[in-house]
Amino acid sequence: MAKTAYLSLLIGGLAVLCFSGCARAGLNTPLHNTSGVKYDNAYALCKNGQNDKTIEAKINELLEKNMKKGNDLEIYCEVTEYVEGNRALRYFVGFGAGRGKSMTLVKLVDTNTKQQVADFKVEGGLTMGAFGGDSQGMLNETGETIFKQVKDNFLK
């Protein structure tokens, strides 16, 4: 019985490692709200590329889910670097081979004054995941990171 439980845990652990993505996104420098102004709501309006629109959709989805979607603060984002990487290398080799990466420039604009209140960069990465991971996960992580930074530093 103990061997069966141990084997089940081992197989379950391997399944989690195999079928979970390893996408990440983070800021290059800490973000601080130097003006101290907090906004009631925000919306994302990103550049017209497909990757930009994926991030925009994720940010707006999270703003709606948290009832913070509105017109007080514009979150402008632009993917300035995007390398999808090699999914086969991530799957068969792992350990950073075939990794994907992205860099997204974010500008926050007060829509009433039209003044830029902050800018920052978010770096995304993808090193492994289910069947080599999906670069879409890297873009979603970027959107979640942007949302969290805006929510924590600029929204009431």
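Numbering (mature numbering (1 follows the signal peptide of the UniProt record, and there is no 0)) for the sequence shown: -25 to -1, 1 to 131. Cβ coordinates follow ideal geometry from the N, Cα and C atoms, glycine included.
- Of all alpha-carbon atoms in Lys131, Leu48, Thr117, the one lying nearest the alpha-carbon of alanine 93 is that of Leu48.
- In this structure, Leu80 is the residue among Leu130, Leu80, Asn41 with its C-alpha nearest to the C-alpha of lysine 22.
- Per the DSSP secondary-structure output, alanine 19 pairs in a beta bridge with Ile50.
- The continuous stretches of beta strand (DSSP E) do not include lysine 40, which lies in the alpha helix (DSSP H) extending over residues 25 to 40.
- The beta carbons of asparagine 8 and glycine 45 sit about 18 angstroms from each other, so the pair does not count as a contact at 8 angstroms.
- DSSP links threonine 79 through a beta bridge to Val54, Val97.
- Ranked by Cα distance from leucine 20, the options Leu114, Asn128, Val84 are led by Val84.
- Judged by DSSP in its simplified three-state form, leucine 130 adopts strand.
- Taken atom to atom, the span from the alpha-carbon of leucine 130 to that of lysine 76 is near 28 angstroms.
- Under DSSP, valine 84 shares a beta bridge with Glu49, Gln91.
- Setting aside the 5 residues that flank it on each side, lysine 28 is surrounded in the same chain by Cys21, each with a C-beta closer than 7 angstroms to its C-beta; the list follows chain order.
- About 11 angstroms separates the beta carbon of valine 58 from that of asparagine 26, a gap too long to meet the 8 angstroms contact definition.
- Of the residues assessed, lysine 13 falls on the exposed side of the cut-off, its CB having fewer than 16 other CB atoms within 10 angstroms.
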